Amino acid sequence: MYRNGLCFISKACSKARLDFILSYASSVVSDKLYIKLPSPLYQDPCLHQWKEYISTCYYSASHVCPNLNVCLLLPHTPKPMSSYNQKRNLHVIMTDDATIADTELLQFASNIGFGADIVLRYSVDDLPSGEQRNGNNMALTCHPSVCLGGTFDTLHHGHRVLLGVAALLAQRRLLVGITDSCLLKKKLLAPLIEAHSRRCSAVSTFLSDIDFPMERLEICRLTDPFGPPANDPDFQCIVASPESVPVCQPQFSLSNFSYGLSMCDVSDQLKTDCKVTHRNHRTVFGAIRFWRSLTLLVCSRIMW
């Protein structure tokens, strides 16, 4: 098994097709999987279709390979090879595209990372492709400045959907507000929430992994429910999950009254059974952390 891998997907993704691909990839890669969707979609992206791809990708990952770090590369166009994140350590390339030569795959992989010298091929011919949708009926608009906020404790696939959609829509500036501990005192198992610096690092690493330009990213510490967008007319869009829409509504109403702020609600994309709620996620991982810390404490006392 290889640690990191890159998967080229040749056709539009139905859930059945993506489930198979992720299942196969998780038997080959143990840590991090980068996914590149077809080049034509990168050249002429349909934003609403990409919003669906982002949701479907992480939805499938949460069921098929929940322990695999999946990163769907963003559809930037045009994008010179020099602008890709070239720090990735790739060990294997996987594809179902029989029309691309190994040398071409290896060349592309060398431009977005290093170390890959093995190509594995699989077949999904017997599985349905993605549905063809009319993009004109599903308009989704990019904005110069986009914002979102949250705790982002132990980054999971629900977070990846939110961050992926926000990164998709942000043309010039993406502001991610990460809640300070002063606002988390009433959270379930609040003492077990990751440190603010660690949560910031996880968000930044993920956005870099999906090829969001780091010069466009701003991460701020949220010490109040509104954050910088309440007083900054530069922001045109808030990205929110279904459970956070009520929390965002006062911010949305205040900003909308002042200078016109739109909200991108990803509720139609975040399937209920896919979304790992912050509370359930923190309960499970908080218990693990507690017992680990207790074990370390007991061991240290015995050694003493």
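Each residue of the sequence shown is one higher than the last, beginning at 27 in the numbering used here. Glycine is no exception: its CB is placed at the ideal position from the N, C-alpha and C atoms. Owing to the predicted nature of the structure, the values given are computational and were not obtained by experimental measurement.
Can you grab the Cα-Cα spacing for the pair residue i / residue j, in whole Å?
i, j, result
"PRO217", "LYS211", "8 Å"
"LEU59", "HIS183", "13 Å"
"MET27", "ASN257", "50 Å"
"GLY139", "THR129", "15 Å"
"ARG242", "GLN197", "8 Å"
"LEU248", "PHE261", "16 Å"
"CYS91", "ILE245", "29 Å"
"VAL172", "SER136", "31 Å"
"PRO101", "THR125", "21 Å"
"TRP76", "ASP250", "32 Å"
"LEU209", "ILE144", "48 Å"
"LEU94", "TYR50", "12 Å"
"LEU215", "ALA127", "52 Å"
"PRO254", "ALA142", "42 Å"
"LEU166", "VAL191", "11 Å"
"LYS213", "PHE252", "18 Å"
"LYS297", "PHE134", "Unreliable positioning characterises LYS297 in this predicted model, as indicated by a pLDDT of 44, which lies under 50. The coordinate reading is nonetheless provided below. So the alpha carbons of these two residues sit roughly 33 Å apart."
"THR231", "CYS39", "25 Å"
"SER81", "SER52", "19 Å"
"SER227", "HIS74", "28 Å"
"TYR85", "LYS113", "27 Å"
Roughly how far, in whole angstroms, is the beta-carbon of residue i from the beta-carbon of residue j, given that I think they are within contact range, below 8 Å?
i, j, result
"LEU12", "ALA193", "In the structure as shown, the chain starts at 27 and stops at 330, and residue 12 therefore has no counterpart that could be examined."
"CYS72", "HIS169", "With 8 Å as the limit, CYS72 and HIS169 do not qualify as a contact, their Cβ atoms being about 17 Å apart."
"ILE204", "ARG225", "5 Å"
Can the beta-carbon of residue i be found less than 8 Å from the beta-carbon of residue j?
i, j, result
"LEU201", "LEU188", "no"
"CYS83", "LEU44", "yes"
"ILE61", "LEU116", "no"
"MET120", "TYR148", "yes"
"HIS222", "ASP206", "yes"
"ASP122", "VAL150", "yes"
"PHE34", "LEU181", "no"
"VAL54", "LEU146", "yes"
"LEU48", "ALA87", "yes"
With which residues is residue i paired in a DSSP beta bridge?
i, result
"TYR28", "VAL55"
"MET120", "CYS33 and LEU146"
"ILE61", "CYS33 and LEU98"
"PHE252", "Answer is none; PHE252 lacks a bridge partner."
"ARG247", "ILE204"
"PHE140", "ASN115"
"LEU174", "VAL202"
"HIS169", "ALA196"
Which same chain residues, not among the five before or five after residue i, have their C-beta less than 6 Å away from its C-beta?
i, result
"VAL229", "PHE178 and VAL202"
"ASN162", "Low per-residue confidence applies at ASN162: pLDDT is 44, beneath 50, and the placement is therefore not dependable, though the value from the model is reported in the following sentence. Contacts found: none."
"ARG199", "SER171 and ARG242"
"GLY176", "none"
What residues in its chain sit with their C-beta under 8 Å from that of residue i, if we drop five residues either side in the sequence?
i, result
"ARG29", "VAL55, SER56, ASP57, LYS58, ASN115 and HIS117"
For residue i, which residues in the same chain have their Cβ closer than 7 Å to its Cβ, ignoring the five residues on either side in sequence?
i, result
"GLU220", "ASP179 and THR180"
"MET240", "SER234"
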